[in-house]
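Chains as they are written, first to last, in our numbering: chain U, 18 to 469; chain D, 7 to 173. Working notes for the structure below.
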Ligand SMILES: Cc1cc2nc3c(=O)[nH]c(=O)nc-3n(C[C@H](O)[C@H](O)[C@H](O)COP(=O)(O)O)c2cc1C
Ligand code: SF4
Ligand code: FES
């Protein structure tokens, strides 16, 4: 491996002898930052987080310090902190590592964050399928409680905050923060419309609430340790800290890799870190930031101006892995999940597979998302089952363009972007599929499909 | 409702932890399902009464969440991830082979011992294809490993059955 990782969040994970029990964490200086935090003012901690520039690792990349700044401290209502551990964007498996391998780092990060925003109560919303993860966290919380690191009068500071592990039950939409909030309230997880329901103002129980991703909160102890300004030196301006990238699909060494933001390019990740593609295979496409991010086609060129005004002209391999790189290439870094697709894959099948996911996961409140996701699934599935038509590609494109911007939550965009980008960038393959099937229509040849 | 004493105890402990009783509805559904294997109509009414809610409030969540069910399933619940990274590594084939090995070709995907289902991405895409059996995640179950894997599940299941019949 030519480019070494820089492990900050995953420093202890996978180390021989390191376990997810509290003794291991205390042995490497764990909870020292919580001790430091309760001696600081909440404002000073929030300031450090703001200075660090750390951006949310859940998908949208919103600066955490700024989000905390939107909290309504004067409402007189209790404030809540929620850790989003729903991890259900296809391709993403980094939060699983952080929870399983170093749960106390998350607990410490959460208690510092809770203290900094004066939360009355904190939750970890963990996806229902992670049975072990929930048990590990429950145990970590009890271990921390026994050492007075959470619960009543934390470390004698006079500040009290409990932490509840709340399990989901298999619905992707619970990862959307307002759906998550409804879920904790015990209702169907129907996302709420923003405005007015910005969680920082009207969140859980209509009270000010901060929702942050697992990885975001795991950064908090490190920000305090280094100081916000020092932390901000890792990565590139506006893209600070490290990120844990989840790489899956058709590479030789799939896995989770932590690098400073902008520390390598997409090409280096795929070909150096992950060992490239299978023998004899060529790169066909990359989905760079979780399954909803727009697909990139091998051989495409991306050009334009970066935020700082400088011009860029990249091939797929040149895209820097930070927040802004994939966004400049017209996609996004989303949850940091890179799905690699090689030249053996039928691209229509790949899209049909994703469309089946989004049709299954739409909560059904908004007509464009509920119906649109289902139509896109039905059309792409039909195409794979031997009944592709040449005009399908335009029909799909047209449906996809009528969803985004017209729904309550960003699942509308999430379900539309794959179809929008696949049909635009692989138009030739959609048409070829139809033509090919037509040619063989009378031969009764068996249609082969394996992804749907 | 014949819930085990441990389940009842867990439920009683859980409710006061939340700012509102209603927040306990999803965790209680999980506990009831673990206890009974599914959530019956009677159970939904019982949970609702326990939390001062209407039965519809529980029914609407049981019918929404994929993990909650109103009917019993096979002794072992086998969930094969269907989503892209697993599919690219053969999960459709894996599901077919598992059905063939555990249930028999042409006999569907469920019997008294096994319920085999597709689920969506379970956040372990780097070790695709993955199969979750009850609460345990099994990684890297490529089509060529299914035969051995199915044998292992069958053995476990037979052991579970004999230990139950001894009770
Ligand atoms: C459909 C949908 C699914 C989402 N799923 C997740 C998820 O599984 N985990 C997560 O952290 N954020 C998810 N998000 C983003 C959250 O809404 C929210 O922005 C995030 O938890 C905020 O945390 P951060 O600022 O620390 O990233 C999802 C958003 C949408 C629209
Ligand atoms: S966009 Fe889709 S998932 Fe989001 S609220 Fe509307 S129907 Fe539900
Ligand atoms: S796609 Fe199967 S675990 Fe993510």
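For glycine and all other residues, C-beta sits at the position ideal for the given N, C-alpha and C.
Integer-rounded CB distance, given that residue 128 of chain U should sit under 8 angstroms from residue 51 of chain U: Counted from its first residue, the first chain places residue 51 of chain U at position 34. Counted from its first residue, the first chain places residue 128 of chain U at position 111. Right, their Cβ atoms sit about 5 angstroms apart.
Proximal residues of chain D, C-beta to C-beta of residue 382 of chain U below 8 angstroms: The residue labelled residue 382 of chain U in the question sits at position 365 within the first chain. The contacting residues do not exist; residue 382 of chain U stays about 12 angstroms from chain D at best.
Distance between beta carbons of residue 149 of chain D and residue 108 of chain D, contact taken as under 8 angstroms: Start at 1 with the first residue of the second chain, and residue 108 of chain D comes out as number 102. Start at 1 with the first residue of the second chain, and residue 149 of chain D comes out as number 143. Contact doesn't hold; Cβ gap of about 15 angstroms is too wide.
Simplified DSSP assignment, three categories, for residue 84 of chain U: As a position in the first chain, residue 84 of chain U is number 67, starting the count at 1. It is helical.
Classification of residue 210 of chain U by the beta-carbon crowding that lies within 10 angstroms, buried from 16 upward: Start at 1 with the first residue of the first chain, and residue 210 of chain U comes out as number 193. The residue in question, residue 210 of chain U, is exposed, as its Cβ has fewer than 16 Cβ neighbours within 10 Å.
7 angstroms CB neighbourhood of residue 169 of chain U in its chain, flanking five on each side removed: Taking the first chain and counting its residues from 1, one reaches residue 169 of chain U at position 152. 177.
Selected residue, minimal CA-CA separation from residue 175 of chain U, among U:96, U:216, U:132: Numbered from 1 along the first chain, position 158 holds the residue referred to as residue 175 of chain U. Taking only the C-alpha atoms, the option nearest residue 175 of chain U is U:132.
Residue from U:85, U:64, U:215 with nearest C-alpha to residue 73 of chain U: Reading the first chain from its first residue, position 56 is the one you call residue 73 of chain U. The shortest C-alpha separation from residue 73 of chain U is found at U:85.
Completely contained beta strand (DSSP E) runs for the segment 350 to 397 of chain U, where each covers 3 or more residues: 354 to 359
Residue 208 of chain U: CB within 6 angstroms of a non-hydrogen atom of ligand 2: Taking the first chain and counting its residues from 1, the one referred to as residue 208 of chain U is at position 191. Result yes, Cβ under 6 angstroms from ligand 2.
Beta carbon proximity, residue 266 of chain U to chain D, threshold 7 angstroms: Counted from its first residue, the first chain places residue 266 of chain U at position 249. With 7 angstroms as the cut-off, residue 266 of chain U counts as an interface residue toward chain D.
Residues, ordered as in the chain, of the segment 99 to 133 of chain D that lie near chain U by beta-carbon distance below 8 angstroms: 99, 125, 126, 127, 128, 129, 130, 131, 132, 133
Endpoints, the beta strand (DSSP E) within which residue 122 of chain D is located: If you number the second chain from 1, residue 122 of chain D lands on position 116. From DSSP, the beta strand (DSSP E) with residue 122 of chain D extends over 120 to 125.
Contact test: residue 438 of chain U Cβ vs ligand 2 heavy atom, cutoff 6 angstroms: Against the first chain, residue 438 of chain U aligns to sequence position 421. Outside the cutoff, so no.
C-beta neighbour in chain U for residue 90 of chain D, strict 7 angstroms: As a first step, residue 90 of chain D must be located in the second chain, where it is residue number 84. Cβ-Cβ to chain U under 7 angstroms: yes for residue 90 of chain D.
Near-chain U residues of the segment 65 to 76 of chain D - C-beta to any C-beta below 7 angstroms: 66, 67, 70, 71, 72, 73, 74
Status (buried if at least 16 other CB within 10 Å, exposed otherwise) for residue 279 of chain U: One-based indexing of the first chain puts residue 279 of chain U at position 262. Result: buried.
Supposed close pair residue 383 of chain U, residue 424 of chain U - CB separation, criterion 8 angstroms: Taking the first chain and counting its residues from 1, the one referred to as residue 383 of chain U is at position 366. Taking the first chain and counting its residues from 1, the one referred to as residue 424 of chain U is at position 407. Residue 383 of chain U to residue 424 of chain U, Cβ: 4 angstroms. Contact.
is_contact[residue 107 of chain U, chain D] using C-beta, thresh 7 angstroms: One-based indexing of the first chain puts residue 107 of chain U at position 90. Closer than 7 angstroms: yes.
Closer than 6 angstroms: residue 136 of chain D CB and nearest ligand 3 heavy atom: Locating residue 136 of chain D in the second chain gives position 130, where the first residue counts as 1. Yes.
Three or more C-beta pairs below 8 angstroms linking the segment 365 to 375 of chain U and the segment 88 to 97 of chain D: yes
Where residue 26 of chain D meets chain U, residues with beta-carbon distance less than 8 angstroms: If you number the second chain from 1, residue 26 of chain D lands on position 20. Neighbours of residue 26 of chain D on chain U, chain order: 202, 203, 222.
Cβ contact (3+ pairs, closer than 8 angstroms) linking the segment 53 to 72 of chain U and the segment 199 to 218 of chain U: no
Within chain D, partners of residue 468 of chain U - CB distance below 8 angstroms: Counting from one through the first chain, the residue named residue 468 of chain U turns up at place 451. 90, 93, 94, 98, listed in chain order.
is_contact[residue 23 of chain D, chain U] using C-beta, thresh 7 angstroms: Position 17 of the second chain, counted from the first residue, corresponds to residue 23 of chain D. Chain U contact via Cβ: present.
Close-in-space but distant-in-sequence residues of the same chain around residue 418 of chain U (CB under 8 angstroms, 5 per side omitted): Your numbering for residue 418 of chain U matches position 401 in the first chain. Closer than 8 angstroms at Cβ, skipping near neighbours: 433, 437.
Below-7 angstroms beta-carbon distance, residue 141 of chain D vs any chain U residue: Residue mapping note: residue 141 of chain D aligns to position 135 of the second chain, counting from 1. Yes, residue 141 of chain D lies at the interface with chain U (some Cβ there is under 7 angstroms from its Cβ).
Residue 200 of chain U versus residue 155 of chain D: straight-line alpha-carbon distance, rounded: The residue you call residue 200 of chain U lines up with position 183 of the first chain. The residue you call residue 155 of chain D lines up with position 149 of the second chain. Each residue's Cα considered, the two are about 36 angstroms apart.
For residue 331 of chain U, the residue or residues it bridges with in DSSP: To locate residue 331 of chain U, count along the first chain from 1; it is residue 314. In DSSP, residue 331 of chain U forms a bridge with U:319.
contact_flag[the segment 158 to 166 of chain U, the segment 32 to 41 of chain U] where n(CB pairs < 8 angstroms) is 3 or more: yes
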